[in-house]
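Student:
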Amino acid sequence: MKTQHLRYFLEVAHTRNFTNAAENLYITQPALSRIIKSLEEEIGAPLFIRSRKKLLLTDAGHVLEKHARIIHQQIDLLHTDLDYLLTLKKGHIRIGLPSIINSFFFSEILSTFHQKYPEVTFQLEEDGSKGIEEKIVHNQLDIGVVVFSGKGENIEYFTFVNEKLKLFVPSSHRLVGEKNVALEKLKTEKFIMFNQDFEMRNLVLTACEHAGFRPEIISETSQLDFIEEMVAYNLGITLLPESTGKELTSEIKTIPIVHPTIEWNLALIWKKDDYLSPLTKEFIQFAKSKLMRIKHT
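Dropping the structure here:
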């Protein structure tokens, strides 16, 4: 049953006259009659009682009129919603953020974008980089911010932060005061690390293996604040990006790591070679322009 044919039926039901309905619809009367006849054949019952004075709806006609009006209204709403979506007036964006980053800069991006498109809503999910990438690949998220390893065949990316990891130790630690520390000197230390959902963990493990040891991990978590608290209470040491140490308490000190230095990259990612809504494309371009400033500061 074609929605266009339902519209023709509604016009006939409204005018109660084939000639007038055909004129309003800009089609010929024989063509309109054929369309109504095809509807009657599809339904299996007559829709109109034809008399010399005017058309009357049958019981089947009344039922079809009731539902055809609802369908017609829903189609109008569909076109309105699509218009809002395609003109970027309205929509929903699903974003993944890792707990390791200070998300204040991304909050500013969301706020500015919302001012430009006030009817756009956001869904924010906190997860590790691996989890975020998997959700994007499986269409559970639209975009994400991840610690990027340079891999990922199914994603597009824009790198906007490049830092080095630093050693975070309690203020009473033996290495406090050192200008820098070779990674191999940490082989006897107890490590506090992010869990296996975080790319940060792989960066640290790989670097330690290249330095000739496998770190002793005494605690794993998904929360940055908890890692910093455990370091402050002298439960172990950790390696984190230098930017995460800007608001540390006096109980934690940071020391540069050398031999090797460990690079940490943040990237905005989205699914490769897949349909992206106009709204998602607009947000990606908007975020890239804002993040570009961070990249060059």
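Position in the sequence shown (from 1) plus 1075 gives the number in this note's numbering. Glycine is no exception: its CB is placed at the ideal position from the N, C-alpha and C atoms.
1. Could you pull the start and end residues of the alpha helix (DSSP H) that Arg1082 belongs to?
2. Report yes or no: do three or more beta-carbon pairs, one from the stretch 1299 to 1318 and one from the stretch 1233 to 1242, lie closer than 8 Å?
3. Sort out for me which residues DSSP pairs Leu1261 with in a bridge.
4. What does the Cβ neighbour count give for Ala1106, buried or exposed, with the cut at 16 atoms within 10 Å?
5. Could you spell out where the beta strand (DSSP E) holding Asn1255 opens and where it closes?
6. Beta strand (DSSP E) containing Lys1210: first to last residue?
7. I need the boundaries of the alpha helix (DSSP H) containing Ile1218, first residue and last residue.
8. Identify, in the order they occur along the chain, each residue of the same chain with its Cβ nearer than 6 Å to the Cβ of Met1268, setting aside the five sequence neighbours on each side.
9. So, do the stretch 1338 to 1349 and the stretch 1187 to 1200 have three or more beta carbon pairs nearer to each other than 8 Å?
10. For my contact list, Leu1278 and Ile1337 are in at a C-beta cut-off of 8 Å; report their separation, rounded to the angstrom.
11. How would you write the range of the alpha helix (DSSP H) that Leu1122 sits in, first residue to last?
12. In chain order, which continuous runs of the beta strand (DSSP E) of length 3 or greater are located wholly inside the stretch 1286 to 1356?
13. Need the endpoints of the alpha helix (DSSP H) that Phe1021 sits in, please.
14. Considering Thr1094, what are the terminal residues of the alpha helix (DSSP H) in which it resides?
15. Who are the near neighbours of Leu1216 in its chain, counting only those whose CB is closer than 6 Å to its CB and skipping five residues on each side?
16. Tell me the rounded alpha-carbon separation between Lys1347 and Ile1110.
17. Using the Cβ count rule (16 or more neighbours within 10 Å means buried), how would you classify Leu1258?
18. If you measure between the beta carbons of Ile1184 and Phe1361, is that distance less than 9 Å?
19. Bridge partners for Arg1144 per DSSP, in chain order?
20. What separation, rounded to the nearest whole angstrom, lies between the Cα atoms of Leu1100 and Ala1120?
Tutor: Reading it off the structure:
1. Start and end: 1078 to 1090.
2. Remark: three or more beta-carbon pairs, one from each stretch, lie closer than 8 Å, so the stretch 1299 to 1318 and the stretch 1233 to 1242 are flagged as touching.
3. In DSSP, Leu1261 forms no bridge with anything.
4. It counts as exposed.
5. Segment: none, Asn1255 is in no beta strand (DSSP E) and carries neither H nor E.
6. Premise fails: Lys1210 lies in the alpha helix (DSSP H), 1204 to 1212, not in any beta strand (DSSP E).
7. It is not in any alpha helix (DSSP H) - Ile1218 instead sits in the beta strand (DSSP E) that spans 1218 to 1222.
8. If we look at Met1268 and ignore the five residues flanking it on each side, its Cβ neighbours are Arg1276, Ile1292, Glu1295.
9. Result no; under three Cβ-Cβ pairs closer than 8 Å.
10. With 8 Å as the limit, Leu1278 and Ile1337 qualify as a contact, their Cβ atoms being about 6 Å apart.
11. No alpha helix (DSSP H) holds Leu1122; DSSP gives it neither H nor E.
12. DSSP runs (the beta strand (DSSP E)) wholly in the stretch 1286 to 1356: 1291 to 1296, 1313 to 1316, 1327 to 1333, 1338 to 1346.
13. An answer regarding residue 1021 cannot be provided, because it is not within the stretch 1076 to 1372 covered by the chain.
14. Per DSSP, Thr1094 belongs to the alpha helix (DSSP H) from 1093 to 1100.
15. Hits under 6 Å: Arg1169, Gly1171, Lys1210.
16. Going from the Cα of Lys1347 to the Cα of Ile1110 covers about 45 Å.
17. Buried.
18. Taking 9 Å as the cut-off, the Cβ atoms of Ile1184 and Phe1361 count as close.
19. Looking at the DSSP assignment, Arg1144 forms no beta bridge with any residue, so it has no partner.
20. Rounded to the nearest angstrom, the two C-alpha atoms are 24 Å apart.
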